Amino acid sequence: MAKTVTLGSTGITVNFNGFGALPIQRVSVDEAVKIVRRAYEGGVRFFDTARYYSDSEEKLGVAFEGIRENVYIASKTGAENAEDFWKELNTTLNNLKTDYIDLYQFHNLSFVPKPGDGTGLYEAMLEAKEQRKIRHIGMTNHRLHLANEIIDSGLYETLQFPFCYLASEEEIKLVNKCKEKNVGFIAMKGMSGGLINNSKAAYAYIYQYDNVLPIWGVQRKEELEEFLSYDKNPPVLDDELKAVIEKDRNELSGEFCRACGYCVPSCPMGIEINACARMMIMLGRAPIEAWTTPHWQNKMKEAEKCIGCGKCKTKCPYSLDVPKLLKKNCKEYWEFLKERGIEKVVE
-11 MAKTVTLGST GITVNFNGFG ALPIQRVSVD EAVKIVRRAY EGGVRFFDTA
39 RYYSDSEEKL GVAFEGIREN VYIASKTGAE NAEDFWKELN TTLNNLKTDY
89 IDLYQFHNLS FVPKPGDGTG LYEAMLEAKE QRKIRHIGMT NHRLHLANEI
139 IDSGLYETLQ FPFCYLASEE EIKLVNKCKE KNVGFIAMKG MSGGLINNSK
189 AAYAYIYQYD NVLPIWGVQR KEELEEFLSY DKNPPVLDDE LKAVIEKDRN
239 ELSGEFCRAC GYCVPSCPMG IEINACARMM IMLGRAPIEA WTTPHWQNKM
289 KEAEKCIGCG KCKTKCPYSL DVPKLLKKNC KEYWEFLKER GIEKVVE
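All residue numbers for the sequence shown refer to this note's numbering, where the first residue is -11 and numbers rise by one.
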């Protein structure tokens, strides 16, 4: 029997495979609908999107036609005041072609909304719940201290937070704390934004935690089929997979970009920071040809235009020195190409 996860006090009980709908913004409507429908056929019942994932909500709205009552939809708002909250919620409902959201989450805010804090945000959530426009209240974040505050507040039914086999002891404590407090834990970044390339190991690691629902970011049907196959035959965390995990932990220890992308909109130079700041890691974990094309050479050339303004640093949930990372990756990237005799096509 396929494993299920209950999201804390919400009572939402779904298949262990959750669907992260951020990547489907990169494919056509037809392709997105096919992927989502295949996920549904494969037993997936929890789908996570957000107001800021461009057209992700609209694509889910098309895909859920005729099956809305059979799925759980989670979406998010980045609003910082009540007026914007209602605008975003109504837009989301319209996009998803539904009159309610199963789980509505504050999206990676720099503070934890609470009653009486002056923003009116939590009060708006409660009012939306009374109106049956939302069923449950959650919050997403990337910062440990805020994640703990979310749990300790007693105001939120779920927490969405990055979690994978590269997790620190503090992040594991967070998962256990959610279980103790009966707060649902939704794991994003299960593949660490593409740094993890062994889906079997990623799945087996999270499978150990009975209170964690992973939402796998899916862009291609082949990726989806991998996770659906594990549903019927869960990989065992044996010595072979433990060795994979240990190797990756050693290679990816220290400071590295998780590709969350929160810094990108702040860049006045338009640099694709979430790719360029971890380029050398990707060159070591993916086919070299994929990252040395004219496209990526141009991106790295653009990254050299960083003016060091530091706006990206203020947005980074992991407090990384982003300009320093960019500079380091640019320097090593061109050295990498030169050492391997790869033609440099940009000047």
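All C-beta atoms in this analysis are idealised placements derived from N, C-alpha and C, irrespective of residue type, glycine included.
What you are looking at is a predicted structure, and each value in this text was computed from that prediction instead of being measured.
Contact between the region 58 to 66 and the region 89 to 99 is present, with at least three C-beta pairs closer than 8 Å.
The continuous stretches of beta strand (DSSP E) do not include Pro282, which lies in the alpha helix (DSSP H) extending over residues Pro282 to Ala291.
If you keep only unbroken beta strand (DSSP E) runs of at least 3 residues inside the region 10 to 61, you get 34 to 36. Trp322 is bridged by DSSP to nothing; it lacks a bridge partner.
With fewer than three CB-CB distances shorter than 8 Å, the region 275 to 292 does not count as touching the region 231 to 244. For the pair Cys297 and Lys332, the Cα-to-Cα distance works out to about 28 Å. In this structure, DSSP gives Val171 a state outside helix and strand, which the three-state scheme calls coil. The shortest CA-to-CA distance from Gly108 to any of Ala70, Gly(-4), Ile184 and Asp226 is the one to Ala70. Pairing Cys304 with Val310 gives a Cβ-Cβ distance under 8 Å.
Remark: C-beta atoms of Leu81 and Asp87 approach each other more closely than 8 Å. For Pro222 against Lys(-9), the beta-carbon gap comes to about 7 Å, under 8 Å, which counts as contact. By the criterion of a C-beta distance shorter than 7 Å, Cys245 is surrounded in its chain by Asn262, Ala265, Arg266, Leu308 and Leu313, once the five residues flanking it on both sides are discounted. Excluding five sequence positions before and after Ala135, the CB atoms of its chain that fall closer than 8 Å to its own CB belong to Asn129, Leu147, Phe149 and Leu162, given in chain order.
The residues Lys85, in chain order, have a CB closer than 8 Å to that of Glu53 in the same chain once the five nearest residues on each side in sequence are set aside.
Per DSSP, Asn186 lies in no alpha helix (DSSP H) segment and is marked neither H nor E.
Looking at the backbone, the Cα of Leu325 and that of Glu115 are separated by about 57 Å. When DSSP states are grouped into helix, strand and coil, Val333 belongs to the coil group. In this chain, the beta strand (DSSP E) harbouring Phe149 covers Thr146 to Pro150.
Going by C-alpha positions, Phe151 is about 10 Å away from Ile203.
Within the region 87 to 138, the complete alpha helix (DSSP H) segments of 4 residues or longer fall at 109 to 118, listed in chain order. When the five nearest sequence neighbours on each side are left out, the beta carbons in the same chain lying within less than 6 Å of the beta carbon of Met113 are those of Ile125, in order along the chain. Taking a contact as a CB-CB distance under 8 Å, the pair Gln207 and Val15 counts as one, their CB atoms being some 6 Å apart. Sixteen is the threshold: when 16 or more other Cβ atoms of the shown chains lie within 10 Å of the Cβ of Asn83, as they do, the residue is buried. Glu159 has its alpha-carbon roughly 16 Å from the corresponding atom of Ala190. Under the three-state reduction of DSSP output, Pro202 falls in the strand class.
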